[in-house]
Amino acid sequence: MDSDEPAPAVDPAVTATAEDIAAMRIRGAATIADAAAAALATQAERSEAASPEAFRRQLRAAAAELYETRPTAVSLPNALRYVLRGMDGDTVAELESSTVARAEAFRTDLEQAQRRLGEVGANRLRDGDVVMTHCHSTDALSCIEAALDAGKHVSAIVKETRPRKQGHITARQLREWGVPVTLIVDNAARRYLDRADHVLVGADSIAADGSVINKIGTSGLAVNARERGVPVMVAAQTIKLHPDTMTGHTVEIESRAESEVLSEEERADITAAGTASEAGDGSGDGRGDDHAGLEVENPAFDVTPPRYVDAIVTERGQFPPESIVTLMRELFGETTEEPWETRG
Ligand code: RI2
Numbered sequence: 093m094d095s096d097e098p099a100p101a102v103d104p105a106v107t108a109t110a111e112d113i114a115a116m117r118i119r120g121a122a123t124i125a126d127a128a129a130a131a132l133a134t135q136a137e138r139s140e141a142a143s144p145e146a147f148r149r150q151l152r153a154a155a156a157e158l159y160e161t162r163p164t165a166v167s168l169p170n171a172l173r174y175v176l177r178g179m180d181g182d183t184v185a186e187l188e189s190s191t192v193a194r195a196e197a198f199r200t201d202l203e204q205a206q207r208r209l210g211e212v213g214a215n216r217l218r219d220g221d222v223v224m225t226h227c228h229s230t231d232a233l234s235c236i237e238a239a240l241d242a243g244k245h246v247s248a249i250v251k252e253t254r255p256r257k258q259g260h261i262t263a264r265q266l267r268e269w270g271v272p273v274t275l276i277v278d279n280a281a282r283r284y285l286d287r288a289d290h291v292l293v294g295a296d297s298i299a300a301d302g303s304v305i306n307k308i309g310t311s312g313l314a315v316n317a318r319e320r321g322v323p324v325m326v327a328a329q330t331i332k333l334h335p336d337t338m339t340g341h342t343v344e345i346e347s348r349a350e351s352e353v354l355s356e357e358e359r360a361d362i363t364a365a366g367t368a369s370e371a372g373d374g375s376g377d378g379r380g381d382d383h384a385g386l387e388v389e390n391p392a393f394d395v396t397p398p399r400y401v402d403a404i405v406t407e408r409g410q411f412p413p414e415s416i417v418t419l420m421r422e423l424f425g426e427t428t429e430e431p432w433e434t435r436g
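Using our numbering, read the sequence shown as starting at 93 and increasing by one per residue.
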């Protein structure tokens, strides 16, 4: 078949998953990776490609659509790369079965890795410890779950985590497990660090120098924890390791909607005050341009330098952040070309 023939359209189920990831109905780095692998399996199963080449191009197009949804969590491209590299065969049927098998293997490994990581992290927690959390991370929660399974009593100080209050998801899960929870606003964190034995967070990406990219507010928390002498533990499966950072690339920080920070009503209230003052001092024209003079910025993630992190806990053991690059090289080699960027 002529390779110029257009690939069959991406399946609507893949598009639906991409939309759910973009809208954060599916969220959390590990959960996004799992959903992306499942979507590629669905694409493979439902493909009506007439040739192996059309099948390959269709799978790459599906991966590209999923890849475009959220930029910061590297678990997403890592999942897509893993599945596409397992796409193997000379016929459409062979390609389909190898892709589906590879996606299934990825999802099983993901689950097992999280469980193993939890056991490693739980070894750092002692009976009676108090853990301060930020945002909602299934990897971080896995450490607490394993500690509870080992019969340890753990309690938690849960940061609300503005602007989306994802700390509530953590609080709900911990209460379901019977863990005593104290919910605090983010601004109270430094005050409550005196009561904490650990700060425990997840990660969306880990850079080659050991920097941790996680929900906005993590870096400030880590700096305060260092000042208070509270160890910072980052729970991150190896799919959170960002291979491109080995070759000097930086991690893109996602910006989210202004409306997560400021409603239309709140904006109108603030800009009304600005309009009145401009009209009053004679320096403005009093027309009340709603957007003049008021910018809202809403970065979803920040970067915590390795010196504020005590341990990165993975399914392969715990690492000081500065040595994570060794594991990264072992797992990814030095190549960073993405299969969905391959032409033909
Ligand atoms: P797990 C989340 O990002 C949080 O930043 C969390 O720490 C990280 O993903 C890792 O989550 P978002 O998708 O993979 O809520 O540990 O923006 O579940």
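Glycine included, every Cβ here is placed at the ideal spot set by N, Cα and C.
From a predicted model like this one, the values you see are computed outputs, not experimental measurements.
*Taking only the alpha-carbon atoms, compute the straight-line gap between V417 and D301 and give it to the nearest angstrom.*
Reading the sequence shown from its first residue, position 325 is the one you call residue 417. Reading the sequence shown from its first residue, position 209 is the one you call residue 301. If you take the alpha carbons of V417 and D301, they lie about 7 Å apart.
*Confirm the yes/no value for this check: CB of T230, any heavy atom of the ligand RI2, distance under 6 Å.*
On the sequence shown, position 138 is the one that residue 230 refers to. Result yes, Cβ under 6 Å from the ligand RI2.
_Spatial neighbours of G374 in its chain, beta-carbon cut-off 7 Å, leaving aside the 5 residues before and after_ = Against the sequence shown, residue 374 aligns to sequence position 282. Because the pLDDT of G374 is 49, which lies under 50, any placement of that residue in the model is unreliable, and the number read from its coordinates should be weighed accordingly. Excluding positions up to five away in sequence, the list is empty.
*Which residues bound the beta strand (DSSP E) around T274?*
The residue given as residue 274 occupies position 182 in the sequence shown. Counting along the chain, the beta strand (DSSP E) containing T274 begins and ends at V273 to I276.
_A395 versus A129: straight-line alpha-carbon distance, rounded_ = Taking the first residue of the sequence shown as position 1, residue 395 is located at position 303. Taking the first residue of the sequence shown as position 1, residue 129 is located at position 37. First, the residue type needs correcting, since residue 395 is Val and not Ala in the sequence shown. In a straight line, the C-alpha of V395 is about 27 Å away from that of A129.
*Answer yes or no: do A136 and T191 have a C-beta to C-beta separation smaller than 7 Å?*
For this step, residue 136 is matched to residue 44 along the sequence shown. For this step, residue 191 is matched to residue 99 along the sequence shown. Yes, the pair counts as a contact, with Cβ atoms nearer than the cut-off.
*Is the beta carbon of R173 sitting closer than 7 Å to the one on P431?*
Along the sequence shown, read from residue 1 onward, the residue named residue 173 stands at position 81. Along the sequence shown, read from residue 1 onward, the residue named residue 431 stands at position 339. Yes, the Cβ-Cβ distance between R173 and P431 is below 7 Å.
*Give the DSSP-derived three-state secondary structure of R435 in the structure shown.*
As a working note, residue 435 is residue 343 in the sequence shown. For R435, the predicted model reports a pLDDT of 45, less than 50, meaning its position is unreliable; a value from the coordinates is still stated below. The answer is coil: DSSP assigns R435 none of H, G, I, E or B.
_Identity of the residues DSSP links to A403 by a beta bridge_ = Taking the first residue of the sequence shown as 1, we reach residue 403 at position 311. Paired residues: M325.
_Coil, strand or helix - S297 by DSSP_ = The residue labelled residue 297 in the question sits at position 205 within the sequence shown. Three-state DSSP puts S297 in a strand.
*asked:* Helix, strand or coil for D394? Go by DSSP, reduced to three states.
replied: As a first step, residue 394 must be located in the sequence shown, where it is residue number 302. Reduced to three states, the DSSP call for D394 is strand.
*Whole angstroms is fine: what's the gap from S92's alpha carbon to A121's?*
Outside the displayed range of the chain (93 to 436) lies residue 92, so it cannot be described from this structure.
_On the CB-based measure, 16 or more other CB atoms within 10 Å of its CB, does F198 come out buried or exposed?_
Position 106 of the sequence shown, counted from the start, is the residue given in the question as residue 198. Buried: at least 16 other Cβ atoms inside 10 Å.
*When DSSP builds the beta bridges, which residues end up paired with S247?*
The count along the sequence shown starts at 1 and reaches residue 247 at position 155. Its beta-bridge partners are V222.
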